[in-house]
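So the sequence shown is numbered by the working numbering: it starts at 2 and just counts up by one.
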Amino acid sequence: MKKLIFVLIVAVIGYQFFMGKQVAAPDLPQQLSLEPYAISSGNLVLVNRDIQLKQDPTNLAPIPADIAENVIVNSEFLLENQAIKPLKLLFDAATNDRIEHFIINSAYRSGKLQQQLYEKHGADYALPSGYSEHQTGLSLDIGSTAGKMENVDEGKWLEEHAADFGFILRYPEDKVDVTGINYEPWHFRYVGLPHSLIMKKQNFVLEEYITFLKKEQFFTTEVNDTTYFIQYTDNKTTVNIPDTANYRVSGDNESGFIITSIIE
2 MKKLIFVLIV AVIGYQFFMG KQVAAPDLPQ QLSLEPYAIS SGNLVLVNRD
52 IQLKQDPTNL APIPADIAEN VIVNSEFLLE NQAIKPLKLL FDAATNDRIE
102 HFIINSAYRS GKLQQQLYEK HGADYALPSG YSEHQTGLSL DIGSTAGKME
152 NVDEGKWLEE HAADFGFILR YPEDKVDVTG INYEPWHFRY VGLPHSLIMK
202 KQNFVLEEYI TFLKKEQFFT TEVNDTTYFI QYTDNKTTVN IPDTANYRVS
252 GDNESGFIIT SIIE
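Below you can see the structure in the form of structure tokens.
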């Protein structure tokens, strides 16, 4: 299992505390233009009953029919391309643990399809167009041919290990009051590393994590000897980041951006 060391960084006269040890705050000499990035694009976009997706995904790709042994998948299912390799690694790891009765029941849904589902089944079953995570291309419903996910090894394994590969259980049983969605042990969302591990460690759902990022503005986390500097900004034009070429930018689909940099 990947080991996650998660520490909030508290700025004190140009210094920060990390693991109880005072260390210099990372320099932020590189100015990054945010103009090429969209608020409503990226692995951390927040979509729920109250926040509508403002931009359709632009990097969709088919989930390979042979993505892994013993995984049933419709070859017409699409997912954002950056989530496909981690999904394969997840299923390969499950196979190595002899967990192998998976079936992918749903992935990306167009706004048109989502609206059809909403009109056919109603609000108890589906959300209207624009308010479903499936439209982001970052969510998928994973089931088991052995039974209900809350009862079978496939569901238990995913709840324990999905975060190691960048996925989160989006609608856990103990967070219904936050997500507004009943427990869905089959619905997994790609947010990428290290965010999935942070959320699991802190027992955050995506709504809580975005709120945390907005409040803290920046923090550092270390995963498998890799140090990440994560910062939030509501500046729409530029932001200063560490001197690295290894960074990712995601909008939050509300008002700002999350920049995840690897400090080398």
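Backbone N, C-alpha and C fix where the C-beta goes; we use that ideal spot for every residue, glycine too.
Under a CB-based cut-off of 8 Å, is Y109 close to chain B?
-> Of the protein chains in the structure, only one exists, and it is not chain B.
Spatial distance of L198 from L61 (CA atoms) | Separation of L198 and L61 (C-alpha to C-alpha, rounded to the nearest whole angstrom) is 24 Å.
If we count Cβ pairs, one from each stretch, closer than 8 Å, do we get three or more for the segment 173-189 versus the segment 130-147?
-> yes
For the alpha helix (DSSP H) holding P63, just list the boundary residues, first then last.
-> Segment L61 to P63 is the beta strand (DSSP E) holding P63; no alpha helix (DSSP H) there.
Can you name the start and end residues of the alpha helix (DSSP H) that V192 belongs to?
-> Neither: V192 is in no alpha helix (DSSP H) and is coded neither H nor E.
Can you give the Cα-Cα distance for S133 and N241, rounded to whole angstroms?
-> 33 Å
Name the residue from K121, Y109, P27 and L45 whose alpha carbon lies nearest to the alpha carbon of M200.
-> L45
Pick from N204, Y172, I105 and E101 that is closest to E77, judged by C-alpha positions = Ranking N204, Y172, I105 and E101 by Cα distance to E77 puts I105 first.
Residues bridged to Y233 (per DSSP) | I259
Alpha carbon of N71 to alpha carbon of F103, nearest angstrom | Distance between the alpha carbons of N71 and F103 is about 7 Å.
Alpha-carbon spacing of P243 relative to D125, whole angstroms = 46 Å
Please classify F78: does DSSP put it in a helix, a strand, or coil?
-> coil
Beta-carbon separation of A108 and L91 under 8 Å?
-> no
Using DSSP bridges, identify the partner residues of R249.
-> T261
When you compare only the Cα positions, how much space is there between R50 and V179?
-> 11 Å
Check each candidate in S256, I40 and D93 and name the one with the smallest Cα separation from I68.
-> D93
Name the residue from T245, L88, S34 and P30 whose alpha carbon lies nearest to the alpha carbon of G167.
-> L88
Range covered by the alpha helix (DSSP H) that runs through Q116 | G112 to H122
Thinking C-alpha only, which one of L207, G156 and W158 is nearest R171?
-> L207
Can you check DSSP and say which residues form a bridge with S41?
-> DSSP output for S41 lists no bridge partner at all.
Give me whichever residues DSSP pairs with G148 in a beta bridge.
-> S145
Determine, using beta-carbon pairs with one atom in the segment 148-157 and one in the segment 208-224, whether at least three such pairs fall under 8 Å.
-> Contact fails: fewer than three Cβ-Cβ distances are below 8 Å.
The beta strand (DSSP E) spanning E223 covers which residue range?
-> Run containing E223: F219 to V224, per the beta strand (DSSP E) assignment.
Residue of L118, P63, T261 and K149 minimising C-alpha distance to V192 | T261
Contacting residues, own chain, Cβ-Cβ under 8 Å from F219 (five flanking each side not counted) = I10, F230, I231, Q232 and Y233
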